[in-house]
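Residue numbers (the numbering used here): 739 to 1431. The C-beta atom is built at its ideal place from N, Cα and C for all residues, glycine as well. Note that this is a predicted model, so its numbers are computed, not measured. In what follows, a single structure is set out as structure tokens and then discussed.
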Amino acid sequence: MTGMTDPAMMTEADAANRLMRLAREVARHNRLYHGDDMPEISDAEFDALIRENSAIEAAFPHLVRPDSPSKLVGHAASSPLAKVTHARPMLSLGNAFADEDVADFIGSIRRFLRLGDDAPVALTAEPKIDGLSCSLRYERGELVLAATRGDGAVGEDVTPNVRTIADIPQRLVAPHGGDLFGDGVPDVFEIRGEVYMAKADFLALNDQQEAKGGKIFANPRNAAAGSLRQKDAKVTAARPLRFLAHGWGEVSALPADTQMGVMQAIAGWGVPVDERLVRVEGEREALAHYRAIEAQRADLPFDIDGVVYKVDRLDWQERLGFVARAPRWAIAHKFPAEQAQTTLLAIDVQVGRTGKLTPVARLEPVSVGGVMVSNATLHNPDEIARLGVRPGDRVVLQRAGDVIPQIVTNLTPDADRGDWSFPAHCPECGSEAVAAEGEVDVRCTGGLICPAQRIERLKHFVSRGALDIDGLGEKSIVEFFEAGLIHGPADIFRLRQQRGEILKREGWQDKSVDNLLAAIEARRQPAPERFLFGLGIRHVGQVTAKDLVKSFGTVERVAEVATSEGGHAELTAIDGIGPVVAEALRDFFHEPHNREVWDDLLSEVSPPDYVSNVRASPVSGKTVVFTGSLETMSRDEAKAQAESLGAKVSGSVSAKTDLVVAGPGAGSKLKKAAELGIQVIDEAGWHALVADA
Ligand code: IVH
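If you want it as structure tokens, here you go:
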């Protein structure tokens, strides 16, 4: 985390600018987390962005944006999978952190049911598995539908994917070999539980992904979600997914009158139920089981983040009911983040693509929650000062669900050791290293003189979101750079003149070199947004690059505007582009080294004009208004879908409106549409209209 400026010290312009960037940043991280299962920051860092946003909004209430993160509730997952409305909503759980919270939970059950203060309350207790919940619908014992939780009311249809998971039976087995229906499998039975990936399988999958240049997952939960939520079930089939049942949804009959009894029946039908599920009575036994599971936590094959207690008697569950979206009869007792102690051996400083110097802690290897850890990021000099760490210190490490662990405390701040000081020069090129005013990050000022920055920029240039050259991964980039075959990005396109040199190198044969050169040739006309993103200009991510070429048509024009007299105003007039990006663009194109790289590159490649990938559809070019409450999609999702089909979405009905999509509760807009004789359809009509688009 970079340091946050105190909102009280901000000018109104700074605040507006920062709020705009926060809105975009949060939206992006939401997309990465929910849509792509590929978060780039930890939950704690995400929360810090939200807190920063709220603090600025509190100081400047008139600047709250319509797209502010404070107005978003969750994220309507954008997904190519079909939507499924759950027959019974999939709920979430309230949390307990301290033992007293568990006592309060049991006390509130007694009060609600008007039991005496000492009345026995039986609970089930079981691990809270860190996976994603899934509902499996069995009709007459056959698996007919599987859906993810989604927003609890509507999930995604993952039936073909779930059919590839070995733990999940296609057909429920009759207990004791009896007659299936005579022997107690109800007509309709939805089993709910957790799809997860074991820790060892997750690590092996990431190794495999790394070897083939695929997506690296941040933790087992994201790996499980990414593997399940696939359009192509063959991908799911190749991933080691597992399942554990923890409850049920719609059922035509129940095989028992307690939570434990029903779970035992489910296990009897052949669906895995965790062996640590037990029945306990009262707070003391519940906490004892919590401690027992906590003690096993690091050795369990999968990640868990707490223990779930549920009232055992189903008639009591019925009476207790729900508050908001969580049952009154269940609670998740969370574990603290997993920690371990180790010795800090050294602090190395790495140089990134934009010259940022990142201190990395090299640690005596230690297992944190079952994962061996030997490195941790120290972020920046402020973080090192906060911790007061020096090589030799004993430190506490923490892994909070994510792979990248953090150092939380220094156990030996008073040991007699010299302070570690942040280098004043870049460890790679010796140029001065400085922090810009008001920034905590220290950067190498060497620009493209710095080999570390050059190589990181080259890696970025060929990365997936940029030129994405098949067979030219980070490893080959480093190899060719170190061998002096490439110095800058344009050299990649001159590698064909070095065919003989490459062939002399170990591991390269005629065929692999030909494939590589062909893949490079195939990128001589890169999409302009990929090209622009690939340059690695500070603050210009994929979305900004696209916004820029969309507005200006060509990359040449973007460069021209960036350095022109009125460029700043022209750039900041674009929705989503603020002064920070405008300045970064100007700085980049003003710098002579970058100009050289740019000219050299454009002598080798020619990015074509921007072509919008908006599809032709029955609504292209039409102005659409959504009104009333939408049931199968969020407002944002409806808007995004309409826009991707070439429609313009407007908030109000006028003579220019072509189509109104009205859900229940639509009022004045519907009336106005009728007055103006504009076509009105309902949500189902909309889906039918765009179904084949
Ligand atoms: S019971 C009505 N039991 O945790 C209660 N949930 O934070 C519904 N989870 O969405 C959930 N292990 O995906 C229950 N043993 C367990 C669980 C569990 C993991 C997940 C589940 C739920 C989330 C709520």
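Burial check for residue 1113: the Cβ neighbour count within 10 Å stays below 16, so the residue is exposed. Taking a 10 Å sphere around the C-beta of residue 969, we find fewer than 16 other C-beta atoms and assign the residue as exposed. DSSP assignment within the segment 804-875 yields the following whole beta strand (DSSP E) runs of 3 residues or more, N-terminal first: 821-823, 832-834 and 860-867. DSSP places residue 1386 in the uninterrupted beta strand (DSSP E) bounded by 1386-1388. Distance from the C-beta of residue 985 to the nearest heavy atom of the ligand IVH is below 7 Å. Look at residue 1014: its beta carbon is at least 7 Å from all of the heavy atoms in the ligand IVH. Distances from the CA of residue 824 to each of 1056, 807, 806 and 895 were compared; the closest alpha carbon is that of 895. DSSP links residue 1148 through a beta bridge to 1133.
Per DSSP, residue 1401 lies in no beta strand (DSSP E) segment and is marked neither H nor E. Looking at the DSSP output, residue 1065 shares a beta bridge with 1060.
In this structure, residue 864 has its beta carbon less than 7 Å from a heavy atom of the ligand IVH. By the CB criterion at 8 Å, residue 1320 and residue 1306 fall inside the cutoff. If one requires a minimum length of 4 residues, the alpha helix (DSSP H) runs lying completely within the segment 1299-1334 are 1305-1310 and 1317-1328, in chain order.
Within the chosen limit of 7 Å, the ligand IVH does not reach the beta carbon of residue 1031 with any heavy atom. Nearest neighbour of residue 995 by Cα position, chosen from 977, 1387, 1012 and 1049, turns out to be 1049. Residue 1223 sits close to residue 1233, with the two beta carbons spaced by under 8 Å. Taking C-beta separations shorter than 6 Å and ignoring five residues to either side along the sequence, the partners of residue 1342 in its chain run 1228 and 1231, following chain order. DSSP places residue 1103 within a strand segment (E or B) once states are collapsed to three. Beta-bridge annotation (DSSP): residue 784 is not paired with any residue. In terms of Cβ geometry, residue 869 and residue 933 form a close pair [threshold 8 Å]. In the structure shown, the three-state DSSP call for residue 1071 is strand.
Here the alpha carbons of residue 790 and residue 992 stand approximately 48 Å from one another. If you ignore the 5 residues before and after residue 883, its C-beta comes within less than 6 Å of the C-beta of 875 and 897, all in its own chain and listed in chain order. DSSP places residue 1181 in the uninterrupted beta strand (DSSP E) bounded by 1180-1182. Beyond the five residues adjoining it in sequence on each side, residue 1180 comes within less than 8 Å, by CB distance, of 1094, 1095, 1118, 1119, 1160, 1171, 1172 and 1173 in the same chain, given in chain order. By the neighbour-count definition (other C-beta atoms within 10 Å, threshold 16), residue 1412 is an exposed residue. Contact between the segment 973-984 and the segment 899-907 is present: 3 or more CB-CB pairs across the two stretches fall below 8 Å. Relative to the ligand IVH, residue 867 has its C-beta within less than 7 Å of a heavy atom. For residue 1199, the enclosing alpha helix (DSSP H) stretches over residues 1189-1199. In the structure shown, the three-state DSSP call for residue 1417 is strand. By the criterion of at least three beta-carbon pairs nearer than 8 Å, the segment 1258-1272 is in contact with the segment 1195-1206. Of the residues 1218, 808, 1420 and 830, the one whose Cα lies closest to the Cα of residue 1067 is 830. Classified as buried, residue 997 has 16 or more neighbouring CB atoms from the shown chains inside 10 Å of its CB. Here the distance from the Cβ of residue 873 to the nearest heavy atom of the ligand IVH is not below 7 Å. Residue 1085 is bridged by DSSP to 1099.
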